[in-house]
Each structure stands twice: as C-alpha cells, then as structure tokens.
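Under my numbering, the letters of the sequence shown match residues 169 to 656, in that order. Beta carbons: idealized from backbone N, C-alpha and C, even for Gly. Note that the coordinates shown come from a computational prediction; the quantities given were computed from them, not determined experimentally. A short worksheet on the structure shown next.
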Amino acid sequence: MGGFKVENSLTITDNRTGKTIIVPVEHNAIPATAFKNLRKDKPETEQGDRQEDEVEGGIRVYDPGFMNTAVLQSRITFIDGERGILRHRGYPIEQLAEKSCFLETAYLLLYGELPSRSQFDLFRTEVLHHTFVHRDLAEIVGSFRHDAHPMAILTSSFAALGAYAPEANPSLAGQKVYTSGTAASLQLMDKQIFRLIGKSITLAAMAYRMRSGRQFVNPPTGMDYAESFLYMMDHLGEPNYRPHPVVAKALDTLFLLHADHEMNASCAAVLQVGSTLVDPYSAVSAGCAALYGPLHGGANEAVIRMLLRIGSPENVPAFIEKVKRKEEVLSGMGHRIYKTHDPRSKVIRKLADEVFAVTGEDPLLKTALALRDAALADDYFIKRRLAPNVDFYSGLIYRALGIPTDFFPVLFAVPRVVGWLAHWRQLMLQKGGVRIWRPRQVYVGEGERTYEGIEGREEKGKGVKGAEPAKVAHPTSTRVFLARQSKL
169 MGGFKVENSL
179 TITDNRTGKT
189 IIVPVEHNAI
199 PATAFKNLRK
209 DKPETEQGDR
219 QEDEVEGGIR
229 VYDPGFMNTA
239 VLQSRITFID
249 GERGILRHRG
259 YPIEQLAEKS
269 CFLETAYLLL
279 YGELPSRSQF
289 DLFRTEVLHH
299 TFVHRDLAEI
309 VGSFRHDAHP
319 MAILTSSFAA
329 LGAYAPEANP
339 SLAGQKVYTS
349 GTAASLQLMD
359 KQIFRLIGKS
369 ITLAAMAYRM
379 RSGRQFVNPP
389 TGMDYAESFL
399 YMMDHLGEPN
409 YRPHPVVAKA
419 LDTLFLLHAD
429 HEMNASCAAV
439 LQVGSTLVDP
449 YSAVSAGCAA
459 LYGPLHGGAN
469 EAVIRMLLRI
479 GSPENVPAFI
489 EKVKRKEEVL
499 SGMGHRIYKT
509 HDPRSKVIRK
519 LADEVFAVTG
529 EDPLLKTALA
539 LRDAALADDY
549 FIKRRLAPNV
559 DFYSGLIYRA
569 LGIPTDFFPV
579 LFAVPRVVGW
589 LAHWRQLMLQ
599 KGGVRIWRPR
609 QVYVGEGERT
619 YEGIEGREEK
629 GKGVKGAEPA
639 KVAHPTSTRV
649 FLARQSKL
C-alpha cells in the first residue's frame with residue numbers, strides 16, 4: 169500500500185513472541201500479507217502448534233465464506249448495505265433505473281462513464297450485430313433433453329462459444345492477448361465482450377424454446393436489446409410481430425437492475441477462473457454455473473415455489489410460525505449485504521404494477537404482500553433485519569409474463585454477463601498484471617502417517633455419517649453387473 173502515516177495504521181502485537189508490527193490502513197482496509205511478518209521460528213508442541221500449522225510462514229487470515237475479505241480494488245460498483253445504497257460508477261441505481269436503459273448502463277459499467285450519443289450508437293450497434301450465433305450452436309442446444317434445466321443449457325452454451333473464437337483463447341493465441349494493453353489487445357477484448365453480451369440473449373432464447381420444441385428464431389433487426397430477446401422467445405411467425413412496449417421496457421429495467429452487484433459469488437467465480445488467463449467464454453460459463461445455485465441466481469425461483477406452497481394470504485401466519493421453528497425457509501427476504509433494505513426491491517415493486525396493468529395481477533401477489541407485511545411487523549424478523557430483496561418481486565413479474573419458473577435464473581444470468589465482463593475487463597487491465605487467485609486454507613487434518621497394506625488395515629469410519637461411501641440404489645441390470653464385477 170506504499171508509504172503511510174503512522175496515524176493511518178494499526179499496531180499489532182503477537183503475544184506469542186512479543187513481536188510488534190505496524191500495518192497501514194488505506195480505504196479502511198489492511199493488507200492481509202502483513203500478517204506473514206508475525207511468524208515463529210518453529211512449532212512448539214506445548215503451545216499446541218503442529219508442523220501442519222506452518223508457523224514459520226507467518227499468520228494466515230482465516231475467513232470462512234469470505235465474510236470480511238476484499239480480494240481486489242475496484243472502481244465499478246459501490247454497495248453500502250447498512251444504508252441500502254447501490255451505485256454503479258457513482259450513479260445511484262434508482263437514477264439509472266428511472267433515466268437510463270440496460271445497454272447504456274452496460275457501457276457505464278464496462279468503460280467507466282456514461283456514453284455520448286455517438287459512443288452509445290457504436291456500442292449498441294456492435295452488441296446487436298453480434299447476436300447471431302454459429303449454426304452449430306443450434307445443434308448443440310438442440311442435443312439437450314427437452315426438459316433440461318435452462319441454466320444447464322446456458323452454462324454449456326457459453327462454454328461452447330469459446331470453440332468458435334480460437335483467436336480469443338490465450339491458450340492458443342498467447343497468454344498476454346488481454347493483458348498487454350495494446351490497441352490490438354483492447355480491440356480483441358472488446359470484440360469478445362460484444363459477442364458475449366449480444367449472443368447471451370440468443371442462447372437464452374434458444375434454451376427457452378427448447379421447452380416447447382419450437383424452432384429457434386434468428387435475431388431481429390431494428391429492435392433494442394430486451395425487445396430482441398422477447399422477439400426470439402415468443403415469435404411464432406406472426407407478420408410484423410413486435411413485443412408489447414410496456415413488457416419490453418419492464419424487462420430492460422429488470423436487466424439494468426441485475427447487471428452488476430460487485431463481488432458476489434458468480435462474479436468471484438468469473439474472476440477466480442479468469443485469473444488463470446483462460447478465455448472469457450469459459451470464465452462467463454463458470455459465473456453462470458455459480459449463478460445456477462438456489463442461494464444465488466435461483467433465489468427468485470425459490471420465492472415462487474415458496475409462495476405456491478403458502479397458497480393464499482390466510483395461510484401466511486402459519487407459514488411465519490414454521491419459519492420461526494426452522495421448518496420452512498423464508499426466501500426473498502434479507503440479504504448477505506443489505507441490512508436495511510435492498511434499493512432494487514422498491515424499483516421492482518413499482519415495475520410490477522406497470523406489468524400487471526398489462527398482464528393482469530398475479531394471484532400470488534396478495535400472498536406475497538401479506539407475507540411481506542407479516543414479516544416486517546414481526547420482532548423475530550425485525551431483529552434479523554429481514555426485508556424484501558430484489559428476488560422477492562422479480563419472480564412475480566416473470567410469472568405474469570408466462571415465463572416458466574425454472575427459466576427465472578436465466579433472466580438473472582443474461583444481464584449479469586455485463587457485470588461479470590466489466591470486472592473481468594478491469595482485472596485484465598489492472599496495474600501490475602494478473603496474478604492467479606490462490607486462496608490459502610487452514611489444514612486441521614491428520615499429521616504424517618505411515619501407509620499400511622489393505623490386508624492389515626482396521627475398518628474405520630464404519631457407521632459414521634459421511635466417513636465412508638454411501639450405498640446407492642441401482643436398477644436391476646446395474647446390480648447384476650456390479651455383482652459380476654465383484655466376483656472377478
């Protein structure tokens with residue numbers, strides 16, 4: 169962190185050795201590597217040290233689940249969870265949702281400033297120009313079962329895209345193709361960004377149409393980003409078909425609200441994989457896989473399933489009690505970062521009314537509002553600061569549009585591609601180059617042991633949950649095969 173004033177530092181004393189170090193504080197953060205200076209000469213058994221503790225290498229910072237670990241410095245998104253603030257490059261999310269559009273906000277996230285008219289026109293043209301995919305992608309997507317989860321299809325499709333751009337693969341084109349900072353490098357980088365943002369709506373629409381066995385639809389001309397996506401999802405050959413403008417605007421705003429959320433699980437996955445200097449298609453595929461999980465991108469899907477289980481407003485009190493007894497999980501309320509309110513949820517609540525005015529109100533809305541009101545008035549949830557988050561209402565809008573529940577995470581992944589790429593681009597261009605992300609661990613397993621032959625070993629772990637392989641039920645043909653193998 170360079171030179172620093174003593175008053176902008178921490179003084180830390182190691183009571184084991186009496187050694188004192190001064191650690192600089194910059195942007196209210198300290199370098200974790202400073203603790204490597206707190207080392208002991210050798211393990212001391214009387215103090216409980218083991219060889220595996222590696223005390224000679226200095227103190228390690230133990231932070232399960234990254235509860236308070238910053239992995240990089242960023243200029244992209246700021247979140248203050250205590251005050252319910254979300255800003256992209258300094259602009260409040262509420263202002264962007266009201267005045268901007270998804271592609272303009274995407275430009276802001278990627279390049280740091282809102283674009284001029286000519287800059288925006290160039291960016292928009294490039295993104296929409298790259299919505300077409302190679303015809304082989306239709307065969308790849310079409311090879312999935314009709315009931316495959318759309319996120320499985322999308323994750324695989326992003327990875328497959330990389331095979332069609334060998335010049336964009338550092339393993340083939342040279343590991344510095346994105347980090348050299350030359351004009352050619354920047355051009356190559358931005359071309360892949362245009363491709364990924366443009367093709368994400370096409371691949372997502374293809375995954376959607378797989379469900380009903382419909383033919384894939386080529387991207388339209390003369391339509392904006394969200395409008396093009398809806399066209400590819402819903403067009404059935406009608407002449408002059410165009411998605412409803414209210415629905416298109418609502419989806420564009422939802423995309424804007426989901427575009428980035430700083431160092432969340434999927435963004436960290438993209439950067440972890442990207443730090444190996446793999447191609448951006450593989451990195452985005454990794455982010456998509458991380459977003460697949462119900463604790464992340466699948467949360468809005470979980471909200472709808474929860475509301476369906478509740479059924480009607482009169483069943484809310486009983487459900488609330490089950491949550492308190494930990495018999496049920498309350499989805500869509502509370503957030504890992506936000507401790508008061510999620511600023512995106514207020515925008516989405518207003519957006520929901522605009523969509524319902526066109527589609528009709530979702531019957532689950534009354535149940536959702538009853539659940540929200542009950543939770544916000546209950547001390548159990550107040551003390552835990554559980555307020556509606558972005559997932560609480562977004563699923564209701566998607567459901568009103570007739571979108572299948574398991575497609576909800578895809579509608580999260582498509583806009584989040586922009587945020588992932590903004591952080592990936594920042595990583596590739598950071599000063600000092602890219603260093604592979606290699607987290608440390610605290611090893612608490614067995615010390616050194618001597619190998620024993622299988623005939624002389626004791627049977628260990630018998631009956632202990634998780635300490636031996638689980639027995640799996642097999643169909644008859646498989647059981648016969650395994651029995652034969654055991655006799656060989």
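query                                                                                                                                                                 : result
Report back the beta-carbon spacing between CYS435 and GLY466 to the nearest angstrom; my notes put them in contact at under 8 Å.                                     : CYS435 to GLY466, Cβ: 16 Å. No contact.
Cβ atoms of THR245 and GLU489: under 8 Å apart, would you say?                                                                                                        : no
Okay, do the segment 389 to 403 and the segment 250 to 258 touch, 3+ Cβ pairs below 8 Å being the bar?                                                                : no
Can you check DSSP and say which residues form a bridge with LEU194?                                                                                                  : In the sequence on display, residue 194 carries Glu and not Leu. Looking at the DSSP assignment, GLU194 forms a beta bridge with ALA197.
Taking only runs of the alpha helix (DSSP H) that begin and end inside the segment 438 to 462, which ones reach a length of at least 4 residues, in chain order?      : 448 to 459
Straight-line CA distance for LYS551 to VAL295?                                                                                                                       : 46 Å
Along the beta strand (DSSP E) that carries THR245, what are the first and last residues, could you check?                                                            : 245 to 248
Using a 10 Å radius around the Cβ and a threshold of 16 neighbouring Cβ atoms, would you call PHE234 buried or exposed?                                               : exposed
DSSP three-state label for PRO583, please.                                                                                                                            : helix
Quick one: what does DSSP say PRO283 is sitting in, helix, strand or coil?                                                                                            : coil
Just how far apart, CA to CA, sit VAL582 and GLY225?                                                                                                                  : 43 Å
The alpha helix (DSSP H) spanning SER396 covers which residue range?                                                                                                  : 393 to 402
State buried or exposed for LYS360, treating a residue as buried only when at least 16 other CB atoms are found within 10 Å of its CB.                                : The question names Lys, but residue 360 in the sequence shown is Gln. Under this definition GLN360 is a buried residue.
Could you tell me if ARG668 is buried or exposed, where buried requires 16 or more neighbouring beta carbons within 10 angstroms of its beta carbon?                  : Outside the shown range of the chain (169 to 656) lies residue 668, about which nothing can therefore be said.
Which same chain residues end up closer than 8 Å to VAL174 when comparing Cβ atoms and leaving out the 5 residues on each side of it in sequence?                     : ILE190
By DSSP's criteria, TYR155 is part of a beta bridge. Which residues make up the other side?                                                                           : Any answer about residue 155 is impossible in this case: the structure gives the chain only from 169 up to 656.
Kindly indicate which residue of PRO637, TYR279, HIS464 and PRO448 has the alpha-carbon position closest to the one of ASN432.                                        : HIS464
Mind pulling the alpha helix (DSSP H) runs of 4 or more residues that sit fully within the segment 511 to 543?                                                        : 511 to 527
Quick check on PRO318: does DSSP put it in helix, strand or coil?                                                                                                     : helix
Nearest to GLY600 by CA position, among GLN241, ASN205, VAL491 and ASP182, is which residue?                                                                          : GLN241
Thinking C-alpha only, which one of ALA373, ASN468 and ASP231 is nearest PHE580?                                                                                      : ASN468
Does GLY381 pass the burial test, meaning 16 or more other C-beta atoms within 10 Å, or should it be called exposed?                                                  : exposed
With a cut-off of 8 Å on the beta carbons, I'd call TYR409 and TYR399 a contact; round off their distance for me.                                                     : 7 Å
Is ILE571 helix, strand or coil by DSSP?                                                                                                                              : coil
Mind checking who SER177 pairs with in its DSSP beta bridge?                                                                                                          : PRO192
Spell out the partners DSSP gives PRO556 in its beta bridges.                                                                                                         : MET501
Buried or exposed: which applies to GLY186, given that a residue is buried once 16 or more other Cβ atoms fall within 10 Å of its Cβ?                                 : exposed
Since VAL414 and LEU569 are thought to touch, with beta carbons under 8 Å apart, how far apart are those beta carbons, to the nearest angstrom?                       : Contact flag wrong, Cβ pair sits at about 11 Å.
I'd like to know whether the C-beta atoms of LEU498 and LEU532 end up nearer to each other than 8 Å.                                                                  : no
In whole angstroms, what separates the C-alpha of PRO318 from that of LEU305?                                                                                         : 15 Å
What separation, rounded to the nearest whole angstrom, lies between the Cα atoms of VAL578 and ILE198?                                                               : 37 Å
Quick check: the Cα distance between PRO407 and PHE326, rounded to an integer number of angstroms?                                                                    : 31 Å
Which residues in the same chain as SER450 place their Cβ atom closer than 7 Å to its Cβ, once the five residues preceding and following it in sequence are excluded? : ALA327, GLY330 and VAL441
Closest by CA to ARG567, which one among PRO387, ALA542, VAL523 and PHE549?                                                                                           : VAL523
Are the beta-carbon atoms belonging to ASP510 and PRO556 less than 8 Å from one another?                                                                              : yes
Once the 5 residues before and after MET169 are set aside, which same chain residues still bring their CB inside 7 Å of it?                                           : Any answer about MET169 is weak, because its pLDDT of 46 lies below 50 and its placement is not dependable; what the coordinates show is given next. Result list for MET169: PRO192, GLU194 and PRO199, in chain order.
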